[in-house]
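Asks: First residue of the sequence shown? That's 348 in the numbering used here, and the numbers climb one at a time after it.
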Amino acid sequence: MDDMDKPVGELVDIDPAEAARLTFLRRLVTVLTAVMIGGLLVLIVLFVTRFPTAGPKAVSFDLPDAITLPEGAAPIAFTRGSDWVAITTETEILIYDATTGDLRQTVRID
Numbered sequence: 348m349d350d351m352d353k354p355v356g357e358l359v360d361i362d363p364a365e366a367a368r369l370t371f372l373r374r375l376v377t378v379l380t381a382v383m384i385g386g387l388l389v390l391i392v393l394f395v396t397r398f399p400t401a402g403p404k405a406v407s408f409d410l411p412d413a414i415t416l417p418e419g420a421a422p423i424a425f426t427r428g429s430d431w432v433a434i435t436t437e438t439e440i441l442i443y444d445a446t447t448g449d450l451r452q453t454v455r456i457d
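Next up, the structure:
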């Protein structure tokens, strides 16, 4: 009887030590898969808890009720500091007090 006539299970003779190593390798792969899935779940949980959705707390800071710009000045950009507000125009940067809205400083742009 040649090899082609044998049933599939009889084609390969595996040594018991080899079978034990294959079983150990199979278990290692299973444990690695479980650890990788667990790690991915931990990363997802950390991203969800550490990066909450933007809400009122994310952008809550005090601004003056009104800021009066000089005549003809058009705002281009706005910057908020700890106790100041800066508004950039085409020719200057206007720095205002954050609580009162009073002009503190003007910086000319050349």
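The C-beta atom is built at its ideal place from N, Cα and C for all residues, glycine as well.
Quick check: what's the CA-CA separation for Ala-413 versus Gly-448?
Replies: What you label residue 413 is simply residue 66 of the sequence shown in a count that begins at 1. What you label residue 448 is simply residue 101 of the sequence shown in a count that begins at 1. Straight-line Cα distance between these residues: approximately 7 Å.
Asks: 7 Å is my cut-off, CB to CB: does Val-454 come that close to chain C?
Replies: The structure shown contains no chain C, having only a single protein chain.
Asks: Applying the criterion that 16 or more other CB atoms from any shown protein chain within 10 Å of the CB defines a buried residue, is Leu-372 buried or exposed?
Replies: Here residue 372 is taken as the residue at index 25 of the sequence shown, counted from 1. Exposed, since its Cβ has fewer than 16 Cβ neighbours within 10 Å.
Asks: Beta-carbon separation of Val-454 and Ile-440 under 7 Å?
Replies: One-based indexing of the sequence shown puts residue 454 at position 107. One-based indexing of the sequence shown puts residue 440 at position 93. Yes, they are a contact pair.
Asks: Less than 7 Å between the C-beta atoms of Trp-431 and Ala-420, yes or no?
Replies: Taking the sequence shown and counting its residues from 1, one reaches residue 431 at position 84. Taking the sequence shown and counting its residues from 1, one reaches residue 420 at position 73. For Trp-431 and Ala-420, no; Cβs fall outside 7 Å.
Asks: Look up Asp-433 in the DSSP assignment and say whether it is helix, strand or coil.
Replies: If you number the sequence shown from 1, residue 433 lands on position 86. Just to set this straight, residue 433 is Ala in the shown sequence, not Asp. DSSP places Ala-433 in strand when its eight states are reduced to three.
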